[in-house]
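Residue numbers (the numbering used here): 3 to 104.
Each residue gets a CB set at the ideal place from its N, CA and C atoms; glycine is no exception.
For reference, the structure discussed in these notes is given below.
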């Protein structure tokens, strides 16, 4: 498992994506990378994450729920919610209306 996480991460996947691909948790994947002496990338500069955020926001704007977007892209509800916000989409309430400004 550790070697697979390292290989996937070096191939450009995020820690979260490498963890999902190998069936392990984010924390275990991160620990495996650190134990292997891998220098971790700055997540804010990862272009694939920004592209995923744009894709998630686009799907959400089309009317898909956060849960439906998460099912499509294969990540957790919470992570996809964060990606949707990072992609610039405004969250809706349960009835599908834009949330009131706070």
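The alpha helix (DSSP H) spanning residue i covers which residue range?
i: residue 50; result: 49-63
i: residue 27; result: Neither: residue 27 is in no alpha helix (DSSP H) and is coded neither H nor E.
Could you tell me the alpha carbon to alpha carbon distance between residue i and residue j, rounded to whole angstroms?
i: residue 4; j: residue 77; result: 21 Å
i: residue 59; j: residue 32; result: 27 Å
i: residue 11; j: residue 20; result: 6 Å
i: residue 91; j: residue 13; result: 29 Å
i: residue 65; j: residue 15; result: 28 Å
i: residue 97; j: residue 9; result: 43 Å
Who are residue i's beta bridge partners in DSSP?
i: residue 100; result: 94
Are the C-beta of residue i and some C-beta of chain B separated by less than 7 Å?
i: residue 67; result: The structure shown has no chain B; it contains just one protein chain.
Mind reading off the beta-carbon distance from residue i to residue j? Whole number of angstroms is fine, and I expect it under 8 Å.
i: residue 28; j: residue 18; result: 5 Å
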